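A.B. asks: 106 is the number that the numbering used here gives the last residue of the sequence shown; the numbers go up by one with no jumps. Submitted below is the structure of interest, expressed as structure tokens.
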Amino acid sequence: QVQLVESGGGLVQPGGSLRLSCAASGIIFSINAMRWYRQAPGKEREFVALITSVGTTNYADSVKGRFAISRDNAKNTVYLQMASLKPEDTAVYYCNTVVGQLYWGQGTQVTVSS
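Next up, the structure:
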């Protein structure tokens, strides 16, 4: 059974930083690409970042230079380090992966506000 569990969200002031984690189980984590998405209130879910099994990364233009995705295969965990946060980064952040089908975690709320 594939499970993805996000954590690390919270309330942060503009300009602050947060690190999100997504712990995976039920998959051979090291061979899977992992992605972060986010969904703001009233908006569609949007792509944030991707990391492949060999560590190649890709980012949405809106977060380039501010967010960094990484993975620790020994811990079956993917991270999203977020810096210089803006109010428009406020959203529920989800991780996903494809193992025959698309799996999503339950999400973690990030609120950027003063």
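Glycine residues also receive a C-beta, built at the ideal position from the N, C-alpha and C atoms. Just so it is clear, the structure is predicted and the values come from calculations on it, not from any experiment.
To the nearest whole angstrom, what separates the beta carbons of Val84 and Gln5, a pair I think is in contact under 8 Å?
C.D. replies: The pair is not a contact, with the Cβ atoms about 19 Å apart (cut-off 8 Å).
A.B. asks: CA-CA distance, Ser22 and Ser13?
C.D. replies: 16 Å
A.B. asks: If you draw a straight line from the alpha carbon of Asp53 to that of Phe59, how long is it in whole angstroms?
C.D. replies: 10 Å
A.B. asks: Return the chain-ordered list of same chain residues with a C-beta closer than 6 Å to the C-beta of Arg63, the five sequence neighbours on each side being excluded.
C.D. replies: Ile43 and Val70
A.B. asks: Note down, in chain order, each residue of its chain lying with its Cβ closer than 6 Å to the Cβ of Tyr51, except the 5 sequence neighbours on either side.
C.D. replies: Ala41
A.B. asks: In its own chain, which residues sit with a C-beta less than 8 Å from the C-beta of Arg11, not counting the 5 before and 5 after it?
C.D. replies: Gly0, Tyr71, Leu72, Gln73 and Met74
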